[in-house]
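Chains as they are written, first to last, in my numbering: chain Z, 1 to 284; chain G, 285 to 568. All C-beta atoms in this analysis are idealised placements derived from N, C-alpha and C, irrespective of residue type, glycine included.
2 protein chains.
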Amino acid sequence: MKAVKNWIEDPAPLLRAGAGYTLAGSDADATPGFAGTKTAGEAALAANATEVSLLQEKLFANSLFDDSRSILLVLQGMDSAGKGGIVKHVVGSVDPQGVTHASFKKPTPEELEHDFLWRIRKRLPVGGQIGVFDRSHYEDVLAGKVLNLATPDVIDERYRQINDFESELVAHGTTVLKVMLNISADEQKARLAERLDRPDKHWKFNPNDIDSRELWNQYQDAYQAVFDRTSTTTAPWYVVPANRKWYARLAVQRLLMDALRNLNQDWPAPAFGVEEQRARLALT
Amino acid sequence: MKAVKNWIEDPAPLLRAGAGYTLAGSDADATPGFAGTKTAGEAALAANATEVSLLQEKLFANSLFDDSRSILLVLQGMDSAGKGGIVKHVVGSVDPQGVTHASFKKPTPEELEHDFLWRIRKRLPVGGQIGVFDRSHYEDVLAGKVLNLATPDVIDERYRQINDFESELVAHGTTVLKVMLNISADEQKARLAERLDRPDKHWKFNPNDIDSRELWNQYQDAYQAVFDRTSTTTAPWYVVPANRKWYARLAVQRLLMDALRNLNQDWPAPAFGVEEQRARLALT
Chain Z
1 MKAVKNWIED
11 PAPLLRAGAG
21 YTLAGSDADA
31 TPGFAGTKTA
41 GEAALAANAT
51 EVSLLQEKLF
61 ANSLFDDSRS
71 ILLVLQGMDS
81 AGKGGIVKHV
91 VGSVDPQGVT
101 HASFKKPTPE
111 ELEHDFLWRI
121 RKRLPVGGQI
131 GVFDRSHYED
141 VLAGKVLNLA
151 TPDVIDERYR
161 QINDFESELV
171 AHGTTVLKVM
181 LNISADEQKA
191 RLAERLDRPD
201 KHWKFNPNDI
211 DSRELWNQYQ
221 DAYQAVFDRT
231 STTTAPWYVV
241 PANRKWYARL
251 AVQRLLMDAL
261 RNLNQDWPAP
271 AFGVEEQRAR
281 LALT
Chain G
285 MKAVKNWIED
295 PAPLLRAGAG
305 YTLAGSDADA
315 TPGFAGTKTA
325 GEAALAANAT
335 EVSLLQEKLF
345 ANSLFDDSRS
355 ILLVLQGMDS
365 AGKGGIVKHV
375 VGSVDPQGVT
385 HASFKKPTPE
395 ELEHDFLWRI
405 RKRLPVGGQI
415 GVFDRSHYED
425 VLAGKVLNLA
435 TPDVIDERYR
445 QINDFESELV
455 AHGTTVLKVM
465 LNISADEQKA
475 RLAERLDRPD
485 KHWKFNPNDI
495 DSRELWNQYQ
505 DAYQAVFDRT
515 STTTAPWYVV
525 PANRKWYARL
535 AVQRLLMDAL
545 RNLNQDWPAP
555 AFGVEEQRAR
565 LALT
């Protein structure tokens, strides 16, 4: 078997939005921590999938016993940034039994009657699950801010509520992994044009995508505020350059794999006497 | 590319539990409709996955517009029959965005306070989704019957309620695909022994599995009653020989693929003017 070129450096510290991080200074074409080509990146993605799948099985197995942990992968980004591709090509490599997927669109009238975290809490992963949010509570401080759906005071309060909420999740055993897929405005233009050109992609296009694109700078500013206010030690943001889809997938896979590895789970010990059950089975 | 050996005959009519079907007369080692070896079966499974994935994407795309259909795949079988393997290896080939998985275990006290279909209704797939039930409402006429958890009259009434319930689902656009994975008693013994032998499989073993095994014949009879009473024209049962895991996976994939094909869905027509949106995009 040919050796697969893999990460030359842990990408997590390179992608984390820490103090002083600026989105404007980030290169959406970059491939931090990986020196190979697209072909090498795709080979690495396929090669790593086996470990991710095994780690997820341990997460699930342990949830049936004492150690009930979960992962919440929050995916954010401008339209066409590749959130769906992460779900399909990264999350898609693990057993569906262990995945809970939730997509958050414009809130319904019923959802608007409740606190903005109400609909989020209902879709959280239970123990043993990798929960994936395609958009999330962050829309309430992104679209919410840019479209003036709430007053600045309310938006300001929401950052605090989000931090409290995520701390609570972490305290209860959920690893909160927040990823912003960062594409450039030019790349988005090309991707939206492709969706308009291909009949099999029309369903992915919505005229609202262009409304949002017309507010590109305001959204970039709103994302910057999100990183400034909610990239905490317990739940940091990772900004993943996403102009190259293969890199974004490889990077999110690595972040997910490390989140699973950090749970340090082994196969659970049997809650029964193995010899006793062997003897029972032999009699049947 | 090497040609892949595939089905020589549509397996659906061969597997359907129609009038006069008997579980006792079924061979769990058989491979109806497929003449190849394990290697050929695994190659066919991989080759067909692309079409299943594409069909699922169309199902999902159409649900965003007018044609909101769904599939409910009900998986039943004795312990170790391979339900989990179907989820991982068949359902696992489609985009997690379009899959809703639910596993039904022994009812909780809250669930027992409600009608037996209450917990089932809560987990039904919405439009655009392939819902997968790992065990289901059928446990209430299987374990329910064998363990005398309900009177014969109540069990009898449940068959009727199930048929009404499934007719209702079908009338609302859900294809109900019911699969019983049929393993032999000897094969189960070998699989349970393996779970006891391997520390990475201990979590899949439960001493209750042997309790159920001791009631093997009663469960076979209860399955026969299920086929006799609930294998309807709108929602027939398929009994899939499952001693060979590769065959069971290939067969369920084929049933799922045909259920999707029968929806006859194309890509949805755009709900916007393509030229108009191209012009808007060009200005950004």
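Whole-angstrom C-beta distance between residue j and residue i, which should lie under 8 Å
i              : j              : result
residue 109(Z) : residue 556(G) : Between residue 556(G) and residue 109(Z) the Cβ distance is about 24 Å, and since that is not below 8 Å, they are no contact.
residue 205(Z) : residue 195(Z) : 4 Å
residue 56(Z)  : residue 95(Z)  : 6 Å
residue 410(G) : residue 383(G) : Their Cβ separation, rounded to whole angstroms, is 12 Å, which puts residue 410(G) and residue 383(G) out of contact at 8 Å.
residue 299(Z) : residue 243(Z) : Nothing in the structure corresponds to residue 299(Z), since chain Z is present only between 1 and 284.
residue 155(Z) : residue 144(Z) : 6 Å
residue 301(G) : residue 449(G) : About 19 Å; that fails the 8 Å criterion.
residue 313(G) : residue 367(G) : In fact, because the Cβ distance is near 19 Å, the residues do not count as touching under 8 Å.
residue 280(Z) : residue 370(G) : So it is not a contact: roughly 27 Å between Cβ atoms.
residue 442(G) : residue 424(G) : 6 Å
residue 270(Z) : residue 456(G) : So it is not a contact: roughly 44 Å between Cβ atoms.
Residues bridged to residue i (per DSSP)
i              : result
residue 131(Z) : 72(Z) and 100(Z)
residue 300(G) : 522(G)
residue 392(G) : For residue 392(G), which the question treats as bridged, DSSP gives no partner whatsoever.
residue 361(G) : 465(G)
Exposure of residue i, with buried meaning 16 or more beta-carbon neighbours within 10 Å
i              : result
residue 405(G) : exposed
residue 4(Z)   : exposed
residue 470(G) : exposed
residue 426(G) : buried
residue 1(Z)   : Bear in mind that a pLDDT of 45 at residue 1(Z), under 50, signals an unreliable position, so the number given afterwards is only what the model happens to contain. Per the 10 Å Cβ criterion, exposed.
residue 65(Z)  : exposed
residue 525(G) : buried
residue 8(Z)   : exposed
residue 483(G) : exposed
residue 233(Z) : exposed
residue 421(G) : buried
residue 295(G) : buried
residue 317(G) : buried
residue 58(Z)  : buried
residue 568(G) : exposed
residue 233(G) : Beyond the ends of chain G as shown, which are 285 and 568, falls residue 233(G); an answer cannot be given.
residue 566(G) : exposed
residue 363(G) : buried
residue 385(G) : buried
residue 245(Z) : buried
residue 197(Z) : exposed
residue 261(Z) : exposed
residue 315(G) : buried
residue 506(G) : buried
residue 543(G) : buried
residue 69(Z)  : buried
residue 230(Z) : buried
residue 320(G) : buried
residue 217(Z) : exposed
residue 41(Z)  : buried
residue 303(G) : exposed
residue 533(G) : buried
Any non-hydrogen atom of the ligand NAP within 8 Å of residue i CB
i              : result
residue 125(Z) : Questions concerning the ligand NAP fall outside what the structure shown contains, since it holds no ligand whatsoever.
Kindly confirm or deny that the segment 467–484 of chain G and the segment 240–255 of chain Z touch, where touching means at least three C-beta pairs closer than 8 Å. no
Answer yes if the segment 353–364 of chain G comes into contact with the segment 452–461 of chain G, meaning at least three C-beta pairs across the two stretches below 8 Å, and no otherwise. yes
Continuous alpha helix (DSSP H) assignments of at least 4 residues falling wholly in the segment 459–501 of chain G: 469–481 and 491–498
For the segment 259–274 of chain Z against the segment 19–31 of chain Z, are there 3 or more C-beta pairs whose distance is under 8 Å? no
Is it true that the segment 39–46 of chain Z meets the segment 134–154 of chain Z, where meeting means three or more beta-carbon pairs spaced less than 8 Å apart? no
Stretch-stretch touch, CB-based, cutoff 8 Å, three pairs: the segment 77–95 of chain Z with the segment 110–120 of chain Z: no
Runs of alpha helix (DSSP H) lying entirely within the segment 504–556 of chain G, each at least 4 residues, in chain order: 529–545
Start-end ranges of the beta strand (DSSP E) lying completely within the segment 305–361 of chain G, minimum 3 residues: 354–361
Quick one: which unbroken alpha helix (DSSP H) runs of 4-plus residues sit fully inside the segment 403–452 of chain G? Chain order, please. 427–430
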